[in-house]
Amino acid sequence: MTSLFEYAPAPESRSIVDIRPSYGLFIDGEFDEGTGTPLKTVNPATEEVLAEVATGSTEDVDRAVRAARRAFTRVWGPMRPADRGKYLFRIARLLQERAREFAVLETLDNGKPIRESRDVDVPLAAAHFFYHAGWADKLEHAGLGPAPRPLGVAGQVIPWNFPLLMLAWKVAPALATGNTVVLKPAETTPLTALLFAEVCRQADLPAGVVNIVTGAGETGRAVVSHPDVDKVAFTGSTEVGRSIARAVAGTDKRLTLELGGKAANIVFDDAPIDQAVEGIVRGIFFNQGHVCCAGSRLLVQESVHDEVVAALQRRIGTLRVGDPMDKNTDLGAINSAEQLARIRELVAAGDDEGARRWQPEGELPDRGYWFKPTVFTDVSPAQRIARDEVFGPVLSVMTFRTPDEAVAKANNTTYGLSAGIWSEKGSRILSVTSKLRAGVVWANTFNEFDPTSPFGGYKQSGYGREGGRQGLAAYLKGDD
Amino acid sequence: MSDRLAVRKTCKLYLGGAFPRSESGRTYQVHDAKGHFLANAAWASRKDARDAVVAARSAFGTWSGATAYNRGQVLYRVAEVMEGRAAQFAEEVAAGEGLSTAKARAAVDAAIDRWVWYAGWTDKLAAVLGSTNPVAGSYFGFSMPEPTGVVAVLAPQRSSLLGLVSVLAPVLAGGNTAVVVSSKDRPLPAITLGEVLATSDVPGGVVNLLTGDAAEIGPWLAEHADVDAIDLAGAPTQLAMELERSAAGTIKRVLRAGPEEPDWAGDPGLSRLRPFLETKSVWHPIGL
Chain A
1 MTSLFEYAPA PESRSIVDIR PSYGLFIDGE FDEGTGTPLK TVNPATEEVL
51 AEVATGSTED VDRAVRAARR AFTRVWGPMR PADRGKYLFR IARLLQERAR
101 EFAVLETLDN GKPIRESRDV DVPLAAAHFF YHAGWADKLE HAGLGPAPRP
151 LGVAGQVIPW NFPLLMLAWK VAPALATGNT VVLKPAETTP LTALLFAEVC
201 RQADLPAGVV NIVTGAGETG RAVVSHPDVD KVAFTGSTEV GRSIARAVAG
251 TDKRLTLELG GKAANIVFDD APIDQAVEGI VRGIFFNQGH VCCAGSRLLV
301 QESVHDEVVA ALQRRIGTLR VGDPMDKNTD LGAINSAEQL ARIRELVAAG
351 DDEGARRWQP EGELPDRGYW FKPTVFTDVS PAQRIARDEV FGPVLSVMTF
401 RTPDEAVAKA NNTTYGLSAG IWSEKGSRIL SVTSKLRAGV VWANTFNEFD
451 PTSPFGGYKQ SGYGREGGRQ GLAAYLKGDD
Chain B
1001 MSDRLAVRKT CKLYLGGAFP RSESGRTYQV HDAKGHFLAN AAWASRKDAR
1051 DAVVAARSAF GTWSGATAYN RGQVLYRVAE VMEGRAAQFA EEVAAGEGLS
1101 TAKARAAVDA AIDRWVWYAG WTDKLAAVLG STNPVAGSYF GFSMPEPTGV
1151 VAVLAPQRSS LLGLVSVLAP VLAGGNTAVV VSSKDRPLPA ITLGEVLATS
1201 DVPGGVVNLL TGDAAEIGPW LAEHADVDAI DLAGAPTQLA MELERSAAGT
1251 IKRVLRAGPE EPDWAGDPGL SRLRPFLETK SVWHPIGL
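In the order they appear, the protein sequences are chains A and B. With my numbering, letter number 134 in the first sequence gets 134, and the count goes up by one each step, no holes. Position in the second sequence (first residue = 1) + 1000 = my numbering.
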């Protein structure tokens, strides 16, 4: 697309990855073909089929759960905690050693810019393993009583927006606390999880401790409803989260859910506008807006609305949309045709309901799934683009006059995952922060993540935390 | 024995700080353990439950916004006021649960002490459950527990006072507001507790006590969009499963109950505080 600056192409080489024509399930330390109908995983930037991937049937899931149970009972459960920690340290190091390979594969399979997979997804995934490795032999200090115990077999289902990172958020705490895992990656992004299976083998992780069963919704249902799964962890849509909560009702299974969001990003009139604009861009266009905690509702104090919107449009005009493998790309491809259709539907609803749409000039690539960064102004809180999670690069701008109005509008959602606030006044930041019903609040920043910082939602954004000491509680039975 | 004719109490709901009858006009008979008539209790309807949710939501800002020290003093005040009415509670517990006077009095003492225990928790939760987060970057990060919001509590059916206090006090200590459905057959201690709460500096609407049938009111609370969490302590197994399934529709936090009512005399630890607390993580850049 036309831009202020011209750049020569700077593509990352894909030669570092060796994508096989087909991949199997990873059960009990071995790869096998599984008994479901294989699915094809596609590079969303080119629509090229990358590989055929096995689909786990109910029987395959059952084999995986049995392998996980055996590993829990015989190996991983009885193992010295310090040794469990050492395996996790090994995995963290292997992820770092093979970081470039993971980043390239993630970008090919997911469509996210290589700059993000290289600088965010993969380093954070390694950091999660490193952090949790250290917990393995210190759990008696986690505030869950003197001898917290693992739950057993964890069934984990993860989304396609941060495939490797979400794997790390799930697998690292589960293993550190002594549980074993059956993980189902997302249908459209299974490849880095399968490369992770190779890492488990390189680390000599005992067979059955981590099992990876690829597939679609049916496979996920089999994982969460398997009677010998003790703990279910899910990240994904609120709709699927509801059905999982229904499925575990009346059982003894423990459940944590990390679901959708519609975060408010609140800009006060005293905010440094240029910094705020960077934060707004990071909030909504990071990872093409495929982020559950994306700052998708921009609340601007009325007096600076025009200034903020003008600066924002100027900045968006310099964003580069295109080849995710190019190191200068800011926005990559939309992950799937299905997601693109969902974004288009909600944007059309914004048009129909009377919001004013703005998009930068420029062409999108011919092949692949793409959507331009989009800003809606004149948005009213009742419109779908103000209420529904778009999960795409679409920002809805609304205004407020007083801090109370900002808080009321920010909280006017069934979600409660995250929020942002931009102001130079510390007392105002702390006051507004304490009134926001959201699990993560970024003040004068946005979309920062760290394994030491618990992450998770209020309200219908889910329950349970991932990361930090608080995140361990999801995988342990304490004395309280 | 005096020949004075006693003045009997009309048993009402405790809702939004007031003592209304059920809007439905319904009452039901309460009997003691031997089957003798004790009183007519208000039989709360789904409309009463909805009104209670509105009251609890309205009170949430005040109660959750109070300082932890203040909340602790208010909960301690509940214990003080209960102490003065211990004999009345003991009589009601003895009659309803069929206990000896000594055992009933022990249950009342334990209930009072439970308020004291939770009163002391209010200003420790942030230190025990919160954290500063040493993130790998130039940010100050911290996490703190915050109340979940409006909690529906189905109080235990057997332990009419100690059980009730054991499930209600932790909800309040965390800063939540509550809609409580009392034990159906043994509601009198709950009614008296409402009178204690009303005179203990607990703001109106923070606790709403409904006497009636959890099986009737529970489903409305489980699916109510403005209820954030539900404690299933007083729901029998089949009902508990149905309510948990229904609560999934709005992603409520659900505290499950075991198949048997526990011995409420045991040390509860944090087991009833954690389920009704959220964790908020805050990031702020460090720089000049």
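Virtual Cβ for every residue (Gly too), placed ideally from N, Cα, C.
Task: Straight-line Cα distance separating T1148 of chain B from V394 of chain A - done: Rounded to whole angstroms, V394 of chain A to T1148 of chain B spans 30 Å at the Cα level.
Task: Interface flag, W1283 of chain B vs chain A, CB-CB below 8 Å - done: Yes, W1283 of chain B lies at the interface with chain A (some Cβ there is under 8 Å from its Cβ).
Task: Closer than 8 Å to chain A by CB, R1245 of chain B - done: Taking CB atoms only, R1245 of chain B has a neighbour in chain A less than 8 Å away.
- [ ] On the DSSP bridge assignment, give the partners of N265 of chain A in chain order.
- [x] Looking at the DSSP output, N265 of chain A sits in a beta bridge with A:L298 and A:G420.
- [ ] Could you spell out where the beta strand (DSSP E) holding I27 of chain A opens and where it closes?
- [x] That run of the beta strand (DSSP E) goes L25 to I27.
- [ ] Using a Cβ-Cβ cut-off of less than 8 Å, give me the residues of the segment 1130-1145 of chain B that come near chain A, in sequence order.
- [x] Hits within the stretch, in order: S1131, N1133, P1134, V1135, A1136, G1137, Y1139, G1141 and S1143.
Task: Straight-line gap, C292 of chain A to K112 of chain A (C-alpha atoms, nearest Å) - done: Approximately 15 Å, taken between the alpha carbons.
TODO: Check the Cβ-Cβ distances between R469 of chain A and every residue of chain B, and say whether any is below 8 Å.
DONE: For R469 of chain A, the answer is yes, since a Cβ of chain B falls inside 8 Å of its Cβ.
Open item on the list: Can you pull the chain A neighbours of G1249 of chain B, defined as C-beta to C-beta under 9 Å?
Closed with: One finds R242, A245 and R246 in chain A with Cβ atoms closer than 9 Å to the Cβ of G1249 of chain B, taken in chain order.
- [ ] Quick one: list the residues of chain B neighbouring N444 of chain A, beta-carbon separation under 8 Å, in chain order.
- [x] Counting only Cβ-Cβ distances below 8 Å, N444 of chain A has contacts in chain B at H1284 and P1285, in chain order.
- [ ] Measure how close the beta-carbons of M1241 of chain B and A247 of chain A come, nearest whole angstrom, since I'm counting them as under 8 Å.
- [x] Actually they are not in contact, since the Cβ atoms of M1241 of chain B and A247 of chain A sit about 12 Å apart, beyond 8 Å.
TODO: State the Cα-Cα distance for the pair K327 of chain A and F89 of chain A, rounded to the nearest angstrom.
DONE: Looking at the two C-alpha atoms, the distance is approximately 30 Å.
Open item on the list: Which of the three DSSP states is assigned to S1058 of chain B in this structure?
Closed with: Looking at S1058 of chain B - three-state DSSP - the assignment turns out to be helix.
Open item on the list: I'd like to know if the segment 1189-1199 of chain B and the segment 1116-1135 of chain B are in contact, where contact means that at least 3 CB-CB pairs between them fall below 8 Å.
Closed with: Output reads no: the segment 1116-1135 of chain B does not touch the segment 1189-1199 of chain B.
Open item on the list: Let me check understanding here. Comparing Cα to Cα, which of A:D323, A:A355, A:W370 and A:T329 lies closest to R342 of chain A?
Closed with: Ranked by how close their Cα comes to the Cα of R342 of chain A, the residues A:D323, A:A355, A:W370 and A:T329 have A:W370 in first place.
Task: 8 Å Cβ cutoff, E1278 of chain B in contact with chain A - done: It does; some Cβ of chain A falls within 8 Å.
TODO: Assuming V1116 of chain B and A1104 of chain B form a contact by the criterion Cβ under 8 Å, report the distance between their Cβ atoms to the nearest whole angstrom.
DONE: Contact doesn't hold; Cβ gap of about 19 Å is too wide.
- [ ] Give the range of the beta strand (DSSP E) segment to which M976 of chain B is assigned.
- [x] Any property of residue 976 of chain B remains undetermined from this structure, which presents chain B solely from 1001 to 1288.
Open item on the list: Which runs of the alpha helix (DSSP H) at least 4 residues long sit entirely within the segment 150-200 of chain A? Give them in chain order.
Closed with: Those alpha helix (DSSP H) runs which fall completely within the segment 150-200 of chain A and span 4+ residues are 163-176.
Open item on the list: Using 8 Å as the cut-off, can you tell me whether the segment 175-182 of chain A makes contact with the segment 1027-1041 of chain B, which would need three or more C-beta pairs spanning the two stretches below that distance?
Closed with: The segment 175-182 of chain A vs the segment 1027-1041 of chain B: no contact.
Open item on the list: Please list the terminal residues of the continuous beta strand (DSSP E) segment that includes T1279 of chain B.
Closed with: T1279 of chain B: member of the beta strand (DSSP E) spanning L1277 to P1285, first to last residue.
- [ ] Could you list the residues in the segment 1100-1134 of chain B with a C-beta less than 8 Å from some C-beta on chain A, going in chain order?
- [x] Correct list: V1128, L1129, S1131, N1133 and P1134.
- [ ] Give a yes or no on whether the minimum CB-CB distance between V505 of chain A and chain B is below 8 Å.
- [x] Because residue 505 of chain A is not part of the residues shown, which for chain A are 1 to 480, the question remains open.
Task: W476 of chain A versus L346 of chain A: straight-line alpha-carbon distance, rounded - done: Trp is not the amino acid found at residue 476 of chain A; the sequence shown has Leu there. Their Cα atoms are separated by approximately 40 Å.
Task: Local conformation of Y1069 of chain B per DSSP, three classes - done: If DSSP states are grouped into helix, strand and coil, Y1069 of chain B belongs with the helices.
Task: Coil, strand or helix - L1193 of chain B by DSSP - done: In the structure shown, L1193 of chain B falls within a helical segment according to DSSP collapsed to helix, strand and coil.
- [ ] Have a look at the DSSP bridge pairing and note the partners of Q1029 of chain B.
- [x] Residue pairing of Q1029 of chain B in beta bridges, as defined by DSSP: B:N1040.
Open item on the list: Applying the 10 Å Cβ sphere with the 16-neighbour rule, what's the burial state of V49 of chain A?
Closed with: Classification for V49 of chain A: exposed.
Open item on the list: One question on the structure: do V1167 of chain B and R1272 of chain B come within less than 8 Å of each other, judged by their Cβ atoms?
Closed with: Taking 8 Å as the Cβ cut-off, V1167 of chain B and R1272 of chain B qualify as a contacting pair.
TODO: Could you spell out where the alpha helix (DSSP H) holding N110 of chain A opens and where it closes?
DONE: First-last of the alpha helix (DSSP H) with N110 of chain A: A99 to N110.
Task: Contiguous beta strand (DSSP E) assignments of at least 3 residues, all confined to the segment 299-386 of chain A - done: Counting only runs of 3 or more, we get 356-358 and 374-377.
Open item on the list: Suppose contacts are defined by Cβ-Cβ distances below 8 Å. Is A1079 of chain B in contact with V1108 of chain B by that definition?
Closed with: No, Cβ-Cβ distance for A1079 of chain B and V1108 of chain B is not below 8 Å.
TODO: Report the neighbours of R1228 of chain B on chain A: residues whose CB is nearer than 9 Å to its CB, in chain order.
DONE: A small fix is needed here, since residue 1228 of chain B is Asp in this sequence, not Arg. The answer, in chain order, is Y458 and K459.
Open item on the list: Give me the subset of the segment 1260-1272 of chain B whose CB atoms are less than 8 Å from a CB atom of chain A, sorted by chain position.
Closed with: Taking 8 Å as the upper bound on Cβ-Cβ separation, chain A lies near residues P1268, G1269, L1270 and S1271 of the segment 1260-1272 of chain B.
- [ ] State the start and end residues of the unbroken beta strand (DSSP E) segment that holds L1129 of chain B.
- [x] In the DSSP assignment, L1129 of chain B falls outside any beta strand (DSSP E) and within the unbroken alpha helix (DSSP H) covering L1125 to L1129.
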